[in-house]
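Trainee: If you scroll down you'll find the structure; I have some questions about it.
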Amino acid sequence: MKLSDRAAEFSDAGLRLASLVEKSKLTLTTIQAGLLRASFEKNTGKVVEAWHSIGTAIRNGQELGLHLETSAHTLNPGHQNLPDHSLGCRVWLMLHLWDAHMAVVLGRPMVTNLNPSHIPLPGSWNDSPIEQELPRPRDVILCGFHTAYKYLQDIHGLEKKANGFLLVEQLHESILANIANLPAWATPQGSRSNESAWLSTALEIMFTNVHFVLFALHRPFVSLSSSSRSKAYYFATQILESQARLFDRTEPLQHKSFELVFATFDATILIAAMHIRFPDEFADQYPAAKRNLEWALDRLKLLEPTNDLASSAFNVIQQLYQNMLASVYPSQSLPSAGQGAKAGISVGSESEMFPSSWDAILQPFDNTISGHAFNEAICDGIFGFSSGDQAQSPGERDHPPLGSLNYQI
Numbered sequence: 330m331k332l333s334d335r336a337a338e339f340s341d342a343g344l345r346l347a348s349l350v351e352k353s354k355l356t357l358t359t360i361q362a363g364l365l366r367a368s369f370e371k372n373t374g375k376v377v378e379a380w381h382s383i384g385t386a387i388r389n390g391q392e393l394g395l396h397l398e399t400s401a402h403t404l405n406p407g408h409q410n411l412p413d414h415s416l417g418c419r420v421w422l423m424l425h426l427w428d429a430h431m432a433v434v435l436g437r438p439m440v441t442n443l444n445p446s447h448i449p450l451p452g453s454w455n456d457s458p459i460e461q462e463l464p465r466p467r468d469v470i471l472c473g474f475h476t477a478y479k480y481l482q483d484i485h486g487l488e489k490k491a492n493g494f495l496l497v498e499q500l501h502e503s504i505l506a507n508i509a510n511l512p513a514w515a516t517p518q519g520s521r522s523n524e525s526a527w528l529s530t531a532l533e534i535m536f537t538n539v540h541f542v543l544f545a546l547h548r549p550f551v552s553l554s555s556s557s558r559s560k561a562y563y564f565a566t567q568i569l570e571s572q573a574r575l576f577d578r579t580e581p582l583q584h585k586s587f588e589l590v591f592a593t594f595d596a597t598i599l600i601a602a603m604h605i606r607f608p609d610e611f612a613d614q615y616p617a618a619k620r621n622l623e624w625a626l627d628r629l630k631l632l633e634p635t636n637d638l639a640s641s642a643f644n645v646i647q648q649l650y651q652n653m654l655a656s657v658y659p660s661q662s663l664p665s666a667g668q669g670a671k672a673g674i675s676v677g678s679e680s681e682m683f684p685s686s687w688d689a690i691l692q693p694f695d696n697t698i699s700g701h702a703f704n705e706a707i708c709d710g711i712f713g714f715s716s717g718d719q720a721q722s723p724g725e726r727d728h729p730p731l732g733s734l735n736y737q738i
């Protein structure tokens, strides 16, 4: 029995124990356990179950009134003491972030709403270099929230609003302004040489997620606006570069993390789709796009033995990769196994391919770009595949340094 199997047994046992707790006896610990359960499910490929677990944790949090206690000004001294209130606010923030991110990724309803002015700034945000304390994990979360995550609730369903397209540039400029005002320890241009390992990794995840917010902002409008196409493509590329750096910092024991798959999947879907539908518009970026998709396939292939999400995502991206090649070089035959991507990636024979025709994939294209058709398919597990190929390590990569990232378009 593998450690992951034992972990699943313990998590299931904990869920059964939690189900015995009456609503009248809910505590913050119950809510935290629900959040941990959702994280475990997401890391083991049970994305829909994770969404339901978050929903349950949110409802339990509402039973405790966490949604009413997002500001110190609303604190009733006779109800809770300050430490409990502070913890409750932090737990509710995490539930909101999970709710917002999964709603945007999966196209599901969003059930929480948070006033950003009720969320404190990181403790070291405004400190002078002399007074500045070392950043803590929650500082990174708060930094990401005030930079970009707080806009997820505005982005969700933006394409359905009458003035949605008009709000895109306003939100875009707000996020870029926030990026420009990041504290020194969190800037992309900051030196990473003297940072602790956890901070470098946490900041890389934050960079991925900040780019994802910008990517998600423009994605619904790529069929309507060349500007949104260009910006969504750019931020998708930044996501893949960030994911590559994150993977290089990740130990094999951490390969089950959903953080290594979700953003990569969304970004590669859009980049490949842009080259398929608008090949002339993105012709200059094709060499870099091809390289980034191959690196993404490399990573997913290495993750496949331990990451259920990677196993499903690989097959979809592999198919998109082949069809991107076919759209750019329509007169040439598709590469045979092992020739299209870097060593270790089998582009695959027809019997190993995605089970549906490309027409069936491309038909819901507009929904895929603005919404979540592929994401739903991944969640439902219908694109899973098995392969006996041994994963090989990707070759050396020349990632641009963090200081070279250019947020202005």
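330 is the number of the first residue of the sequence shown in my numbering; add one for each residue after it. Positions of the beta carbon are idealized from the N, C-alpha and C atoms, including for glycine.
(1) Please report the distance separating the alpha-carbon of Glu462 from that of Gly473.
(2) Just how far apart, CA to CA, sit Leu346 and Lys371?
(3) Comparing C-alpha positions only, which one of Glu488, Ala625 and Arg578 sits nearest to Phe550?
(4) Could you name the residues of the same chain whose beta carbon sits closer than 6 Å to that of Ala477, not counting the 5 residues immediately before and after it, in chain order?
(5) Can Ala596 and Ala565 be called in contact, C-beta distance under 8 Å?
(6) Assign Leu332 to one of two classes, buried (16 or more other C-beta atoms within 10 Å of its C-beta) or exposed (fewer than that).
(7) Expressed to the nearest angstrom, what Euclidean distance is found between the alpha-carbon atoms of Leu649 and Ile508?
(8) Roughly how many angstroms lie between the CA atoms of Gly452 and Ala655, to the nearest whole one?
(9) Output the boundary residues of the alpha helix (DSSP H) element that contains Thr385.
(10) Please identify the residue among Leu532, His381 and Glu351 whose C-alpha is closest to the C-alpha of Arg467.
(11) Helix or strand or just coil, what does DSSP make of Gly363?
(12) Within its chain, find whatever has a CB closer than 6 Å to the CB of Lys585; leave out the 5 residues flanking it on each side and keep chain order.
(13) Is the closest heavy atom of the ligand PLP to the C-beta of Leu471 under 7 Å?
(14) Let me check understanding here. Comparing Cα to Cα, which of Leu450, Leu622 and Ile387 lies closest to Met423?
(15) Can you give me the C-alpha to C-alpha distance between Asp609 and Val590, rounded to a whole angstrom?
(16) How many Å lie between Leu631 and Arg437 at the Cα?
(17) With distance defined between alpha-carbon atoms, name the residue in Asp341, Ser353 and Gly374 nearest to Ala362.
(18) Less than 8 Å between the C-beta atoms of Val440 and Asp428, yes or no?
(19) Closest by CA to Ser571, which one among Ala592, Phe494 and Thr358?
(20) Count the other CB atoms, across all protein chains shown, that sit within 10 Å of the CB of His381; report buried if there are 16 or more and exposed otherwise.
(21) In this structure, does DSSP put Asn442 in helix, strand or coil?
(22) Mark Asn510 as exposed unless 16 or more other C-beta atoms lie within 10 angstroms of its C-beta, in which case mark it buried.
(23) Answer with buried or exposed for Leu731, where buried requires no fewer than 16 other C-beta atoms within 10 angstroms of its C-beta.
(24) Among Ile484, Leu426, Tyr480 and Gly394, which residue has its Cα nearest to the Cα of His414?
(25) May I ask you to report which of helix, strand or coil DSSP gives Leu654?
(26) Short check: CB of Ala741 to CB of Ile484, under 8 Å?
(27) For the candidate residues Leu575, Ala573, Gly486 and Leu622, whose alpha-carbon lies nearest to that of Val434?
(28) How would you label Asn442, buried or exposed, when you count the other beta carbons within 10 angstroms and need 16 or more for buried?
(29) According to DSSP, simplified to helix, strand and coil, what is Pro741?
(30) Return yes when the Cβ of Pro449 is within less than 8 Å of the Cβ of Leu471, no when it is not.
(31) Once DSSP output is grouped into helix, strand and coil, what is the label at Glu533?
(32) Please state whether DSSP places Pro549 in a helix, a strand or coil.
(33) Tell me the DSSP secondary structure of Val539 in three-state form.
(34) How would you label Phe339, buried or exposed, when you count the other beta carbons within 10 angstroms and need 16 or more for buried?
(35) Could you check if Gln499 is buried or exposed, using at least 16 other CB atoms within 10 Å of its CB as the buried criterion?
(36) Gly384 to Val376, Cα distance in whole Å?
Mentor: So, to answer that:
(1) Locating residue 462 in the sequence shown gives position 133, counting from the first residue. Locating residue 473 in the sequence shown gives position 144, counting from the first residue. Going from the Cα of Glu462 to the Cα of Gly473 covers about 18 Å.
(2) Residue numbering aside, residue 346 sits at position 17 when the sequence shown is read from its first letter. Residue numbering aside, residue 371 sits at position 42 when the sequence shown is read from its first letter. Distance from the CA of Leu346 to the CA of Lys371, rounded to the nearest whole angstrom, comes to 20 Å.
(3) For the purposes of this step, residue 550 is taken as residue 221 along the sequence shown, with counting starting at 1. When each option's Cα is compared against that of Phe550, the closest is Glu488.
(4) Mapped onto the sequence shown, residue 477 falls at position 148. So the list reads Ile504, Val539 and Val542, once near-sequence residues are dropped.
(5) The residue you call residue 596 lines up with position 267 of the sequence shown. The residue you call residue 565 lines up with position 236 of the sequence shown. Yes, the pair counts as a contact, with Cβ atoms nearer than the cut-off.
(6) For the purposes of this step, residue 332 is taken as the residue at position 3 of the sequence shown. Exposed, by the Cβ-count rule.
(7) Along the sequence shown, one-based indexing puts residue 649 at 320. Along the sequence shown, one-based indexing puts residue 508 at 179. Taking the straight line from one Cα to the other gives about 32 Å.
(8) Numbered from its first residue, the sequence shown carries residue 452 at position 123. Numbered from its first residue, the sequence shown carries residue 655 at position 326. Their Cα atoms are separated by approximately 52 Å.
(9) Walking along the sequence shown from the start, residue 385 turns up at place 56. Note, Thr385: alpha helix (DSSP H), Val376 to Leu393.
(10) For the purposes of this step, residue 467 is taken as the residue at position 138 of the sequence shown. Ranking Leu532, His381 and Glu351 by Cα distance to Arg467 puts Leu532 first.
(11) Position 34 of the sequence shown, counted from the start, is the residue given in the question as residue 363. Three-state DSSP puts Gly363 in a helix.
(12) The sequence position of residue 585 within the sequence shown is 256, counting from 1. Cβ neighbours of Lys585 beyond the five flanking positions: Asn372, Thr635 and Asn636.
(13) In terms of ligand content, the structure shown is empty, and the ligand PLP therefore cannot be addressed.
(14) By one-based count along the sequence shown, residue 423 stands at place 94. It is Ile387 whose Cα lies nearest to the Cα of Met423.
(15) As a first step, residue 609 is located in the sequence shown; it is residue number 280 there, counting from the start. As a first step, residue 590 is located in the sequence shown; it is residue number 261 there, counting from the start. About 29 Å.
(16) Numbered from its first residue, the sequence shown carries residue 631 at position 302. Numbered from its first residue, the sequence shown carries residue 437 at position 108. Taking the straight line from one Cα to the other gives about 30 Å.
(17) Taking the first residue of the sequence shown as position 1, residue 362 is located at position 33. Of all alpha-carbon atoms in Asp341, Ser353 and Gly374, the one lying nearest the alpha-carbon of Ala362 is that of Asp341.
(18) Residue mapping note: residue 440 aligns to position 111 of the sequence shown, counting from 1. Residue mapping note: residue 428 aligns to position 99 of the sequence shown, counting from 1. Taking 8 Å as the Cβ cut-off, Val440 and Asp428 qualify as a contacting pair.
(19) In the sequence shown, the residue the question calls residue 571 occupies position 242. Among Ala592, Phe494 and Thr358, the Cα nearest to that of Ser571 is on Ala592.
(20) In the sequence shown, counting from the first residue as 1, residue 381 sits at position 52. Around the beta carbon of His381, fewer than 16 other beta carbons lie within 10 angstroms, which makes this residue exposed.
(21) As a working note, residue 442 is residue 113 in the sequence shown. If DSSP states are grouped into helix, strand and coil, Asn442 belongs with coil.
(22) On the sequence shown, residue 510 is found 181 positions in, with the first residue counted as 1. Exposed, because fewer than 16 other Cβ atoms sit within 10 Å of the Cβ of Asn510.
(23) Indexing the sequence shown from 1 puts residue 731 at position 402. Because the pLDDT of Leu731 is 33, which lies under 50, any placement of that residue in the model is unreliable, and the number read from its coordinates should be weighed accordingly. Here Leu731 is buried: its Cβ has 16 or more other Cβ atoms, across all protein chains shown, within 10 Å.
(24) As a position in the sequence shown, residue 414 is number 85, starting the count at 1. The option with the nearest alpha carbon to His414 is Gly394.
(25) Position 325 of the sequence shown, counting from 1, holds the residue named residue 654. In the structure shown, Leu654 sits in a helix (DSSP, three-state: H, G or I).
(26) Past the edges of the chain, shown from 330 to 738, lies residue 741, and the structure says nothing about it.
(27) Counting from one through the sequence shown, the residue named residue 434 turns up at place 105. Here the closest residue by C-alpha is Gly486.
(28) In the sequence shown, residue 442 corresponds to position 113, counting from 1. The residue is exposed, with fewer than 16 neighbouring Cβ atoms inside 10 Å.
(29) The requested residue 741 does not occur in the structure, where the chain is confined to residues 330 to 738.
(30) Residue mapping note: residue 471 aligns to position 142 of the sequence shown, counting from 1. Residue mapping note: residue 449 aligns to position 120 of the sequence shown, counting from 1. Contact flag set, yes.
(31) Start at 1 with the first residue of the sequence shown, and residue 533 comes out as number 204. Correct three-state label for Glu533: helix.
(32) Reading the sequence shown from its first residue, position 220 is the one you call residue 549. Helix, per DSSP.
(33) Locating residue 539 in the sequence shown gives position 210, counting from the first residue. In the structure shown, Val539 sits in a helix (DSSP, three-state: H, G or I).
(34) Counted from its first residue, the sequence shown places residue 339 at position 10. Result: exposed.
(35) Taking the sequence shown and counting its residues from 1, one reaches residue 499 at position 170. Label assigned to Gln499: exposed.
(36) In the sequence shown, residue 384 corresponds to position 55, counting from 1. In the sequence shown, residue 376 corresponds to position 47, counting from 1. Between Gly384 and Val376, the C-alpha separation is close to 12 Å.
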